[in-house]
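Peer 1: Handing you this structure, nothing more for now.
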């Protein structure tokens with residue numbers, strides 16, 4: 240089929256269909272696009288299935304919807320005689336201290352995890368260990384095994400479990416929470432950093448070795464310039480995750496917003512719970528915006 244052929248009849252041959260798609264890529268893509276109304280159908284099906292499940296329990300199950308609405312009103316403090324906690328300026332000023340503690344524990348955990356992970360990843364990196372003139376030997380192989388083993392162990396244990404263990408070793412507080420975040424993320428960052436080092440471009444490393452550069456010079460001028468930008472990007476992303484996890488870790492380690500949330504829930508002060516939830520969401524949004532801006536600079 241040629242370009243000048245009659246296009247009034249649709250092509251039937253396979254080659255003609257492929258040629259028509261090549262001539263009209265937008266039309267071809269539109270023909271394979273899922274119709275928009277399918278999204279409405281799927282949404283309606285999900286809502287209907289939940290409604291059927293809820294209605295099978297009878298009025299008692301349907302009363303859960305009313306209880307949920309009442310709980311939301313309690314969080315907002317709209318049904319109480321006194322004004323809600325979040326409507327008073329003193330409560331927001333008092334929330335600044337735990338909010339700062341939460342930010343500090345996430346930053347301290349991210350910094351510790353980044354430094355330890357980068358040091359162990361570089362120490363056990365295969366591009367340096369397997370260099371043609373490298374004299375690492377048994378010590379290098381043991382370092383590789385120890386580094387990988389530490390990464391697996393630390394990331395296998397969740398951060399809140401680390402916090403449960405550390406409160407028996409250290410005093411409950413910001414330090415225990417920050418160390419719990421750091422220990423778990425050392426393993427995560429070590430795994431991500433290992434992938435970055437394994438995928439290094441060998442060209443600059445070989446050029447440095449050919450010029451007579453030593454191991455430390457190859458590390459400083461060949462490995463770090465390639466590793467650091469992507470490593471920092473991963474670390475900033477993990478800092479976002481640590482900020483989200485700080486509430487749970489603080490809940491266990493008795494520090495920051497998580498501890499205040501635990502106190503308010505134990506005393507059934509639901510309006511105060513709503514305040515701490517709002518503070519937590521604000522911290523997460525702030526961390527997301529800051530991390531996105533810093534990642535753009537790191538690139």
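Residue numbers (our numbering): 240 to 538. The beta carbon of each residue, even a glycine, is placed where N, CA and C say it ideally should be.
1. Counting only the same chain and skipping the five closest in sequence on each side, list residues whose C-beta sits under 7 Å from that of residue 479.
2. Does the Cβ of residue 462 have 16 or more other Cβ atoms within 10 Å, making it buried, or fewer, making it exposed?
3. Please give me, in chain order, every unbroken run of the alpha helix (DSSP H) with length at least 4 that falls completely inside the segment 316-357.
4. Quick check: the Cα distance between residue 437 and residue 360, rounded to an integer number of angstroms?
5. For residue 473, I'd like the list of residues in its chain whose CB is within less than 6 Å of its CB, leaving aside the five on either flank, ordered along the chain.
6. CA-CA distance, residue 471 and residue 421?
7. For the alpha helix (DSSP H) that residue 412 lies in, which residues bound it at each end?
8. Could you give the residue range of the alpha helix (DSSP H) that holds residue 520?
9. Helix, strand or coil for residue 237? Go by DSSP, reduced to three states.
10. Considering only residues of the same chain and omitting the five flanking positions on each side of residue 324, which have a CB-CB separation below 8 Å?
11. Any contact between the segment 478-493 and the segment 399-410? By contact I mean 3 or more CB pairs, one from each, below 8 Å.
12. Using the Cα positions of residue 277 and residue 285, report the straight-line distance between them to the nearest angstrom.
13. Under three-state DSSP, which class holds residue 496?
14. Applying the 10 Å Cβ sphere with the 16-neighbour rule, what's the burial state of residue 458?
15. Using the C-alpha atoms, what's the distance from residue 275 back to residue 240?
16. How about residue 537 and residue 468: are their beta carbons less than 8 Å apart?
17. Report, in whole angstroms, the separation of the C-beta atoms of residue 533 and residue 475, which I expect to be a contact under 8 Å.
18. Suppose the cutoff is 7 Å on Cβ atoms and the five residues either side in sequence are ignored; what does the same chain contact list for residue 504 look like?
19. Consider the C-beta atom of residue 488 and the heavy atoms of the ligand PLP; say whether any pair is separated by less than 7 Å.
20. Between the C-alpha atoms of residue 414 and residue 489, what's the straight-line distance to the nearest angstrom?
21. So, using beta-carbon positions, are residue 384 and residue 435 closer together than 8 Å?
22. Assign residue 428 to buried or exposed, taking buried as 16 or more other Cβ atoms, counted over all protein chains shown, within 10 Å of its Cβ.
23. For chain D, find out if any of its Cβ atoms is closer than 8 Å to the Cβ of residue 343; answer yes or no.
24. By alpha-carbon positions, which one of 502, 496, 524 and 506 ends up nearest to residue 340?
25. I need the DSSP call for residue 427, collapsed to helix, strand or coil.
26. Look up residue 438 in the DSSP assignment and say whether it is helix, strand or coil.
27. Based on Cα-Cα distance, which residue from 306, 407 and 424 lies nearest to residue 345?
28. Which same chain residues end up closer than 8 Å to residue 440 when comparing Cβ atoms and leaving out the 5 residues on each side of it in sequence?
29. When the Cα atoms are used, what is the spatial distance from residue 349 to residue 477?
30. Helix, strand or coil, according to DSSP, for residue 506 in the structure here?
31. Classify residue 262: buried if its beta carbon has 16 or more other beta carbons within 10 angstroms, exposed otherwise.
32. Is it the case that the Cβ atoms of residue 403 and residue 491 are separated by a distance below 8 Å?
Peer 2: So, to answer that:
1. Closer than 7 Å at Cβ, skipping near neighbours: 526, 527 and 530.
2. By the neighbour-count criterion, in which 16 or more other beta carbons inside 10 Å mark a residue as buried, residue 462 falls on the buried side.
3. Listed in chain order, nothing qualifies, since the segment 316-357 has no complete alpha helix (DSSP H) run of 4 or more residues.
4. So the two alpha carbons sit approximately 10 Å from each other.
5. Closer than 6 Å at the Cβ level, and outside the excluded window around residue 473, lie 431.
6. Each residue's Cα considered, the two are about 15 Å apart.
7. Taken as a continuous stretch (DSSP letters only), residue 412 belongs to no alpha helix (DSSP H), as it is neither H nor E.
8. Annotation: the continuous alpha helix (DSSP H) that includes residue 520 extends over 509-537.
9. The chain is shown from 240 up to 538; residue 237 falls before or after that span and cannot be answered.
10. For residue 324, where only same-chain residues beyond five positions count, the Cβ hits under 8 Å are 316, 330, 508, 510, 511, 513 and 514.
11. Yes, the segment 478-493 touches the segment 399-410.
12. When only Cα atoms are considered, residue 277 and residue 285 end up about 12 Å apart.
13. Residue 496 sits in a helix when the DSSP states are folded into three classes.
14. Its Cβ being crowded by 16 or more others within 10 Å, residue 458 is buried.
15. Because the pLDDT of residue 240 is 45, which lies under 50, any placement of that residue in the model is unreliable, and the number read from its coordinates should be weighed accordingly. Rounded to the nearest angstrom, the two C-alpha atoms are 33 Å apart.
16. Cβ distance < 8 Å, so residue 537 and residue 468 count as in contact.
17. Indeed, because the Cβ distance is near 5 Å, the residues count as touching under 8 Å.
18. Counting only Cβ-Cβ distances below 7 Å, and skipping sequence neighbours, we find 512.
19. In terms of ligand content, the structure shown is empty, and the ligand PLP therefore cannot be addressed.
20. Straight across, the Cα-Cα distance linking residue 414 with residue 489 is about 10 Å.
21. Inclusion of residue 384 and residue 435 in the CB contact set at 8 Å is not warranted, their separation being larger than that value.
22. Taking a 10 Å sphere around the C-beta of residue 428, we find 16 or more other C-beta atoms and assign the residue as buried.
23. Included in the structure is just one protein chain, with no chain D present.
24. Comparing alpha-carbon positions, the option among 502, 496, 524 and 506 lying closest to residue 340 turns out to be 496.
25. If DSSP states are grouped into helix, strand and coil, residue 427 belongs with the helices.
26. Correct three-state label for residue 438: coil.
27. Nearest of 306, 407 and 424 to residue 345, Cα basis: 424.
28. If we look at residue 440 and ignore the five residues flanking it on each side, its Cβ neighbours are 465.
29. Cα-Cα distance, rounded: 7 Å.
30. Three-state result, residue 506: coil.
31. Note that residue 262 has pLDDT 44, beneath the 50 cutoff, so the model's placement of it is unreliable and the number below is only indicative. By the Cβ-count criterion, residue 262 is exposed, with fewer than 16 other Cβ atoms from all chains shown falling within 10 Å of its own Cβ.
32. At a Cβ-Cβ threshold of 8 Å, residue 403 and residue 491 count as neighbours.
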